[in-house]
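Numbering (our numbering), first residue to last: 81 to 213.
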């Protein structure tokens, strides 16, 4: 059987400052909009910019690092996976939402050194060795 992968990698900019909340179990979470752009020619042959907006979800240490290191307009490379969920709105209409659960990110703005970028990028706890043989 082949292995299929749910993986997303995007380069774009944060649409707002991180708003970190704490769940009832004490886990930090931040939902933020993320803009990516592409260019294509319109029917008149002119280049036009198209902006796509994505919903990102940062959990735990990633949410904390996002809040400390990034602000609206910060350019990031994110890696994560697609999450599909549904809910019923206030008008009792069922809605479907697609989010990207961020698993790591790198700040691409030039004011930070590469060393500190790597410190920001991973949501893995370096002290978590439970899975090591």
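Even glycine gets a Cβ: it sits at the ideal position worked out from N, Cα and C.
For this session: Measure the beta-carbon distance from residue 138 to residue 177 and round it to whole angstroms, keeping in mind my assumption that it falls under 8 Å.
Result: As a first step, residue 138 must be located in the chain shown, where it is residue number 58. As a first step, residue 177 must be located in the chain shown, where it is residue number 97. Between residue 177 and residue 138 the Cβ distance is about 16 Å, and since that is not below 8 Å, they are no contact.
Exercise. Between the region 152 to 159 and the region 181 to 188, do three or more beta carbon pairs fall short of 8 Å?
Worked result: yes
For this session: Report back the beta-carbon spacing between residue 92 and residue 114 to the nearest angstrom; my notes put them in contact at under 8 Å.
Result: Within the chain shown, residue 92 is the residue found at index 12, counting from 1. Within the chain shown, residue 114 is the residue found at index 34, counting from 1. The Cβ separation is near 5 Å, so the contact holds.
For this session: Give the straight-line distance between the Cα atoms of residue 161 and residue 168, rounded to the nearest whole angstrom.
Result: The residue given as residue 161 occupies position 81 in the chain shown. The residue given as residue 168 occupies position 88 in the chain shown. Roughly 23 Å separates the two Cα atoms.
Exercise. Which residues in the same chain as residue 118 place their Cβ atom closer than 6 Å to its Cβ, once the five residues preceding and following it in sequence are excluded?
Worked result: The residue you call residue 118 lines up with position 38 of the chain shown. Scanning its chain for C-beta atoms nearer than 6 Å, with the 5 sequence neighbours on each side dropped, one finds around residue 118 the residues 130, in chain order.
Exercise. Residue 90 by DSSP, collapsed to three states: which one?
Worked result: For this step, residue 90 is matched to residue 10 along the chain shown. In this structure, residue 90 counts as strand in the three-state DSSP scheme.
Exercise. Can you tell me whether DSSP reads residue 101 as helix, strand or coil?
Worked result: For the purposes of this step, residue 101 is identified with residue 21 of the chain shown, where counting begins at 1. In the structure shown, residue 101 sits in a strand (DSSP, three-state: E or B).
Problem set entry | Candidates 149, 106, 144 and 166, of which the one nearest residue 189 by Cα | If you number the chain shown from 1, residue 189 lands on position 109. Minimum Cα distance to residue 189 is reached at 149.
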